[in-house]
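Residue numbers (this note's numbering): -10 to 274. The beta carbon of each residue, even a glycine, is placed where N, CA and C say it ideally should be.
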């Protein structure tokens, strides 16, 4: 091989090697410039991708009703009619179907957030939104709190009895599955957190964010957080199944006047009870 050819090949090799070093350095610089994803230990993460739509709308055009009629529960279509794992249900205690197990406690890591409320007139709901995604952990798996919704009366029954109201803490897992915690509400003393919420309910179809006014979902939980758990569905159309339900055994209190105030906006917003069938219900200690 001539000296000229050898020299030319060496120059080509050196050029390719230099280009590889440059590309690798550029990729490393770009990677270093990226903000690393926050770990599970952080209590809140920015971004709305894991949250449900707000439900705010310029028009109130419900696609279903809770009363009997052409849009009533008996006429809800799709999975609402064909599903075999629907919610809500009547939880009958002290049966062979309900083993009392040493189940993992629910790990709540909610933090104060600016008050964000929606009067979702298309779904008959007052909602408190949490777009900053505060955490709940179940068996070390994280779920993100999306919103709190209220129902009158409460949706799940225990031994045939529904509470006057309930609130449901709606969570989403990274794979977009739902986990919902229902907290029964009974008549008692005035609830200071509810008092704040009711003072800021927006007009029908509107959303209202009150900067600087903080609410903490921890303040809407009972001190004893034992629960019943089973697999079910969402409780309004389209009634998607695969929802992990945790129904707390112990209630929180609201005054009779506070419950009456909610009824001025929405009442009779509980779906009829659905057959439990052969689905197991577990109970924490």
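Linking residue 46 to residue 274 through their CA atoms gives a straight-line distance of about 43 Å.
Across the set 127, 52, 202, the C-alpha of 52 shows the shortest separation from the C-alpha of residue 110.
Taking 8 Å as the cut-off, the beta carbon of residue 97 is found closer than this to the beta carbon of residue 125.
Of the other Cβ atoms in all chains shown, fewer than 16 fall within 10 Å of the Cβ of residue 207; this residue is therefore exposed.
Judged by DSSP secondary structure, residue 133 falls within the beta strand (DSSP E) whose first and last residues are 130 to 140. Out of 131, 141, 175, the CA that lies nearest to the CA of residue 161 is found in 131. Scanning the region 157 to 235 for uninterrupted alpha helix (DSSP H) segments of 4 residues or longer gives 181 to 187, listed from N- to C-terminal end. Annotation: the continuous alpha helix (DSSP H) that includes residue 252 extends over 245 to 252.
Distance from the CA atom of residue 267 to the CA atom of residue 73, rounded to whole angstroms, is 10 Å.
Contiguous alpha helix (DSSP H) elements confined to the region 45 to 112 occur at 68 to 71, taking only those with 4 or more residues. If you draw a straight line from the Cα of residue 227 to the Cα of residue 170, it comes to about 19 Å.
Just so you know, the alpha carbons of residue 260 and residue 75 end up roughly 10 Å apart. Straight through space, the alpha carbons of residue 219 and residue 69 are spaced by roughly 18 Å. Counting along the chain, no beta strand (DSSP E) covers residue 265, and no H or E run does either.
Between the region 100 to 119 and the region 177 to 195 there are three or more inter-stretch CB-CB distances shorter than 8 Å, so the stretches are counted as touching. It is roughly 11 Å from the alpha-carbon of residue 179 to the alpha-carbon of residue 185.
Residues of the same chain with a CB within less than 6 Å of the CB of residue 137, apart from the 5 flanking positions on each side, are 117, 156, 158 in chain order. Burial is judged here by how many other beta carbons sit within 10 angstroms of a residue's own beta carbon; residue 77 has at least 16 and is buried. For the options 112, 174, 102, 59, the alpha carbon positioned closest to that of residue 239 is the one of 174. In the displayed model, residue 43 falls within coil according to three-state DSSP, outside both helix and strand.
When the beta-carbon positions are compared, residue 153 and residue 176 come within less than 8 Å of each other. Judged by beta-carbon spacing, residue 172 lies within the 8 Å limit of residue 211, meaning their Cβ atoms are closer than that value.
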